[in-house]
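Visitor: In this note's numbering, the protein residues as written are 195 to 647.
First the structure, then my questions, so here it is.
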């Protein structure tokens, strides 16, 4: 999401002064040695990008970037294994964690000092983790976790970010975890399941709690409630006491009684009563973004996936639906790139960035041929005029980051860290960033701003 809206009142002259210093730093040939990322007006501007490497002679880890001038400001990067990718950050941005795929280890850092907080060994990969508050605890969904004494696999691991696991809550094939604002209630989504599990982690019994599977829940301190009535739920957006649960349906293997692909929808779920109070049909649903009273929902339908209206060699396209939450109806729909949509963010000037993985890639962005189409996993919607832009780039989209004091969006796509000018929805080109790309050494797996700006 866009960061630090209150900072919008900072003067234009402060921004201009910062840009002037930026140009001098680059144009005069000076090496940037600042390791704090502080703009001339005293505002912190640090951004972290996870970058994985395969060479033993090259450092992997978390690159520190000055988000004011788009340059790397720390060598070597923060140590986070050789293949860090997925990152999670606390709401107040005091802690950040990165998952290293090479060792299945989570590395946590204090953002104020850029010092290590601790490490947590998961043992198996995670694709979803959250740090709900500023307390030193986080949760990771680990679909392949082995639960001792049981035949099932999958769990939500309770991470003590200062080091080690604080407990394991067994949830079969746990793939995605979403938290409320206090970390007291978690929504857990499992592979190939029509059930959403509601967890109350504070009631769990470490080190391993298997009550979700055994049914032996303490009525005075329940840990979990499996909720039925969904169709391959995969994710949710929580807004207060309401969760908008994404029913993936046929895209995720769900079927009707006749064997036809199950329709996608958004289920309105009351977190207090644990009941579904309504359902909104959509084209497809694997990722969503809430802006005011509009919910943007993206996915790739197994049936409604024609690229109508686009001139492209792609034969399959995704859909982006706009839901008006005052009437709970779809008010508009757009054709976008295909793949499994899992990242979404909006810039401060209303450009909605939608990213997927395993999409249809066309052409070669690194070796373009004049006149040839280049297409990847990124779509941009201008919410002011409903214009769709498909940038000429390739590869999975792994991370987004927008800012309130700059009309730019950081995009981790295809292993590159791109900077988009959101006034024109194209790569930023100026005197101090070449070809709209920040030169991280390895594969850019995610990006997070660790300061509010």
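Note that beta-carbon positions come from the ideal geometry of N, C-alpha and C, so glycine has one too.
This one's a predicted model, so the numbers in the text were calculated from it and none came from an experiment.
Once DSSP output is grouped into helix, strand and coil, what is the label at residue 278?
Guide: strand
Visitor: Is residue 366 near residue 384, with beta carbons less than 7 Å apart?
Guide: Yes, they are a contact pair.
Visitor: Could you check where the beta strand (DSSP E) with residue 369 kicks off and where it finishes?
Guide: 368 to 373
Visitor: Determine, using beta carbons only, whether residue 420 and residue 455 come nearer to each other than 7 Å.
Guide: no
Visitor: Taking the C-alpha atoms as reference points, what is the distance between residue 322 and residue 294?
Guide: 13 Å
Visitor: Would you list the one or two residues that DSSP bridges to residue 485?
Guide: Secondary-structure assignment with DSSP links residue 485 through a beta bridge to 488.
Visitor: Whose C-alpha, out of 484, 500, 260, is nearest the C-alpha of residue 541?
Guide: 484
Visitor: Exposed or buried, residue 329, counting other C-beta atoms within 10 Å across all chains shown (16 or more means buried)?
Guide: exposed
Visitor: I need the straight-line Cα distance from residue 434 to residue 595, nearest angstrom please.
Guide: Cα to Cα, residue 434 sits roughly 23 Å from residue 595.
Visitor: Taking 7 Å as the cut-off, decide whether the C-beta atoms of residue 601 and residue 617 are in contact.
Guide: yes
Visitor: Going by beta-carbon coordinates alone, are residue 324 and residue 305 separated by less than 7 Å?
Guide: No. Outside cutoff.
Visitor: Decide yes or no for the touch test of the segment 235 to 246 against the segment 276 to 284: beta carbon pairs closer than 8 Å, at least 3 of them.
Guide: Touching, yes.
Visitor: Between 377, 376, 368, which has its C-alpha nearest residue 390's C-alpha?
Guide: 368
Visitor: Measuring CB to CB, does residue 441 end up less than 7 Å from residue 463?
Guide: no
Visitor: Let me check one thing: in DSSP terms, what residues is residue 527 bridge-paired to?
Guide: 515
Visitor: Go through its chain and collect everything with a Cβ distance to residue 627's Cβ below 7 Å, but skip five positions before and after it.
Guide: 264, 613
Visitor: Please classify residue 398: is it buried, with 16 or more other beta-carbons within 10 angstroms of its beta-carbon, or exposed?
Guide: Its Cβ being crowded by 16 or more others within 10 Å, residue 398 is buried.
Visitor: Going by CA-CA distance only, name the one from 597, 629, 623 that's closest to residue 262.
Guide: 597
Visitor: What did DSSP end up calling residue 395 once you bin it into helix, strand or coil?
Guide: helix
Visitor: Given a cut-off of 7 Å, decide if residue 381 and residue 351 are closer than it, judged by their beta-carbon atoms.
Guide: If you check the CB distance, residue 351 and residue 381 do not come in under 7 Å.
Visitor: Quick one, which of 343, 320, 581 has its alpha-carbon nearest residue 529's?
Guide: 581
Visitor: Fully enclosed by the segment 386 to 442, which alpha helix (DSSP H) runs are 4 residues long or longer?
Guide: Runs of the alpha helix (DSSP H) inside the segment 386 to 442: 405 to 408.
Visitor: Would DSSP call residue 215 helix, strand or coil?
Guide: Note that residue 215 has pLDDT 37, beneath the 50 cutoff, so the model's placement of it is unreliable and no number is given.
Visitor: If distances are taken between C-alpha atoms only, which option among 556, 260, 603 comes closest to residue 588?
Guide: Minimum Cα-Cα distance from residue 588 among the listed residues 556, 260, 603 corresponds to 556.
Visitor: Compare the beta carbon distance of residue 353 and residue 392 with 7 Å and say whether it is the shorter of the two.
Guide: no
Visitor: Skipping 5 residues on each side, what residues in its chain have a beta carbon closer than 6 Å to that of residue 427?
Guide: 383, 390, 439, 441
Visitor: Please say whether residue 513 and residue 527 have beta carbons closer to each other than 7 Å?
Guide: The answer is yes: Cβ separation under 7 Å.
Visitor: Quick check on residue 224: does DSSP put it in helix, strand or coil?
Guide: Note that residue 224 has pLDDT 30, beneath the 50 cutoff, so the model's placement of it is unreliable and no number is given.
Visitor: Would you kindly report the start and end of the unbroken beta strand (DSSP E) that includes residue 240?
Guide: 240 to 246
Visitor: Once the 5 residues before and after residue 356 are set aside, which same chain residues still bring their CB inside 7 Å of it?
Guide: 311, 312, 330
Visitor: Would you identify the three-state DSSP class for residue 229, choosing helix, strand or coil?
Guide: The predicted position of residue 229 is uncertain, since its pLDDT is 49 and thus under 50; a value taken from the coordinates is nonetheless stated next. Three-state DSSP puts residue 229 in coil, outside helix and strand.
Visitor: Classify residue 603 as helix, strand or coil using the three-state DSSP reduction.
Guide: strand
Visitor: What is the rounded straight-line gap between the Cα of residue 296 and the Cα of residue 607?
Guide: Their backbone Cα atoms lie some 20 Å apart in a straight line.
Visitor: Out of 347, 257, 378, 327, state which residue places its alpha-carbon closest to the alpha-carbon of residue 319.
Guide: Of the listed residues, the one whose Cα sits closest to residue 319 is 347.
Visitor: Compute the Euclidean distance between the alpha carbons of residue 651 and residue 412, then round it to the nearest angstrom.
Guide: The structure shown does not extend to residue 651, since the chain is modelled only from 195 to 647, so the question has no answer here.
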